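The block underneath contains the structure these notes are about, expressed in structure tokens.
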Amino acid sequence: MTTTTKKYDLKELNLETTFGGMGKEIDRDVPVIDLTDFEHRRQEITEQLWIAATEVGFFQLANHGLELAVVRKAFQVSERFFELPEGQKSQYPLKKGLNAGWEFMSQVRPSTGTADQKESFQITLPHMDDLWPNQTIVPEFHRVMLDMEYQAWQLGMKVLSCFADRLGFARDFFTQAHDRALPDYQSTLRLLHYLPLADEAGLDESIWRAGAHTDFDCLTMVFQQTGQGGLQVSPGKDAEGKGDEREWFSVLPKDDLITCNIGDMLMRWSDDRLKSTLHRVRMPRPGEYNGSRYSLAFFCQANKDVMIESPQGKYPPISARDYLLQRIKANFDAAAEKAESQKQ
Ligand SMILES: O=C(O)CCC(=O)C(=O)O
Ligand SMILES: [Fe+2]
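Residue numbers (this note's numbering): 437 to 780.
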């Protein structure tokens with residue numbers, strides 16, 4: 437088991453350093469919540485979301501209204517992007533601290549201390565000026581991703597409006613806090629490509645497609661493709677010191693379901709009533725499909741100038757800007773420091 441001993445300012449980050457081990461696998465179902473006829477069934481759906489989010493922290497949305505054709509197109513275009521030669525992709529480098537642009541194996545999770553085996557391209561609308569591949573480089577990229585980003589945002593706000601109701605906030609509280617029209621908007625659509633594995637590769641327990649972590653945001657919506665598994669969830673983030681006794685269950689990917697989880701911002705905003713849940717993406721094991729895995733994730737991250745204030749004062753107020761910056765720094769600085777020291 438690999439653990440790092442670094443001390444962070446945020447409670448969430450110090451906890452994360454204790455989560456890196458394999459643990460043991462259990463079977464558990466993720467609650468599936470059917471959004472059919474949302475406006476008429478709002479109350480019932482809110483109850484189901486609340487139970488799933490307070491008890492498990494993970495749930496899947498069915499009949500959510502986000503067209504499958506849009507999602508499939510976004511996957512296609514994302515694959516076209518990742519197929520580009522490295523020299524071309526590096527024209528769109530990740531902007532430090534802004535969640536915009538392309539990175540390759542640069543995310544080191546505090547839980548594992550090793551780089552995630554993946555590349556990603558992040559879309560955060562206010563920072564994209566020079567980052568859109570044009571029509572000849574990846575046809576339709578801009579149009580398809582804008583459409584996907586908008587539809588994901590709309591659905592995210594619908595789900596968050598249910599949590600707002602239940603928390604006693606105005607129904608549009610989170611929509612205001614994630615205002616797409618403002619320059620400090622910082623919700624992110626992330627295209628992910630987990631690298632294929634060589635056939636002869638054995639199992640290295642310190643290497644992960646995505647090391648164990650909780651998300652920084654309010655709500656994450658992950659789109660996955662049938663047959664490309666690996667996402668695992670550990671219920672009960674707060675049970676510290678479990679080491680290899682920590683339990684993990686796998687989430688079965690399905691094209692028409694959206695896998696959602698609560699992130700740390702919403703956990704703070706709800707005085708820990710809503711659970712931000714630990715998860716990871718494991719490597720394929722010998723004999724399993726070991727080709728590329730693609731996923732798309734939309735992170736509902738409150739606008740920079742919004743203050744995250746926990747109603748019962750469990751956490752000191754912090755701006756969404758400062759909160760996110762600390763989390764990004766903890767994930768990306770290790771790789772940057774290493775690259776810098778290799779240059780010297
Ligand atoms: O790709 C996945 O299935 C999960 C991705 C994830 O957890 C993340 O990017 O935060
Ligand atoms: Fe995540």
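Idealized CB from N, CA, C, for every residue including glycine. Source: prediction; values computed, not measured.
| query | result |
| --- | --- |
| Cα-Cα, which of Ser-712, Thr-713, Arg-729 and Gln-512 is closest to Glu-720? | This sequence places Pro at residue 720; Glu is not what is there. Minimum Cα distance to Pro-720 is reached at Arg-729. |
| Just to confirm, are Asp-620 and Lys-740 a CB contact at a threshold of 8 Å? | yes |
| Helix, strand or coil: how does DSSP classify Glu-483 here? | helix |
| As a quick exercise: from Gly-493, Lys-460 and Phe-455, pick the residue whose alpha carbon is nearest that of Ile-469. | Gly-493 |
| Would you list the residues sitting across from His-649 in a DSSP beta bridge? | His-715 |
| Counting only runs of 4+ residues fully inside the segment 607 to 666, write out the alpha helix (DSSP H) ranges in chain order. | 609 to 613 |
| What are the boundary residues of the alpha helix (DSSP H) that Trp-538 is part of? | It is not in any alpha helix (DSSP H) - Trp-538 instead sits in the beta strand (DSSP E) that spans 537 to 540. |
| What do you reckon, is the C-beta of Val-658 under 7 Å from a heavy atom of ligand 1? | yes |
| If we count the other Cβ atoms within 10 Å of its Cβ and call it buried at 16 or more, is Glu-745 buried or exposed? | exposed |
| Hey, would you say Trp-398 sits closer than 8 Å to Glu-555, going by beta carbons? | The question about residue 398 has no answer here: the residues shown for the chain are numbered 437 through 780. |
| Just mark Glu-480 as buried or exposed, buried being the case when its beta carbon has 16 or more other beta carbons within 10 Å. | exposed |
| Verify the contact flag: His-629, CB atom, against every heavy atom of ligand 2, threshold strictly below 7 Å. | no |
| What is the rounded straight-line gap between the Cα of Asn-535 and the Cα of Val-717? | 20 Å |
| Classify Ser-792 as buried or exposed, calling it buried when 16 or more other Cβ atoms lie within 10 Å of its own Cβ. | One cannot answer for residue 792 here, as it falls past the ends of the chain, which runs 437 to 780. |
| Within this structure, are the beta carbons of Trp-684 and Arg-602 separated by less than 8 Å? | no |
| Looking at Val-717 and ligand 1, is the gap between the Cβ and the nearest heavy atom below 7 Å? | yes |
| Please classify Gly-727 as buried or exposed, where buried requires at least 16 neighbouring CB atoms within 10 angstroms. | exposed |
| Could you give the distance in angstroms between the alpha-carbon of Lys-525 and the alpha-carbon of Arg-579? | 19 Å |
| Let me check understanding here. Comparing Cα to Cα, which of Val-669, Phe-768 and Arg-704 lies closest to Pro-467? | Val-669 |
| So, is Lys-532 buried or exposed, given that buried needs 16 or more other C-beta atoms within 10 angstroms? | exposed |
| Span of the beta strand (DSSP E) holding Trp-684? | 683 to 686 |
| For Leu-596, count the other beta carbons within 10 Å of its own beta carbon; 16 or more makes it buried, fewer makes it exposed. Which is it? | buried |
| Just verifying my parser: in three-state terms, what is the DSSP assignment at Ile-799? | The structure shown does not extend to residue 799, since the chain spans only 437 to 780, so no value can be given for it. |
| What are the residues that DSSP puts in a beta bridge with Gly-555? | Note on residue identity: the sequence assigns Glu, not Gly, to residue 555. Partner(s): Phe-540 and His-629. |
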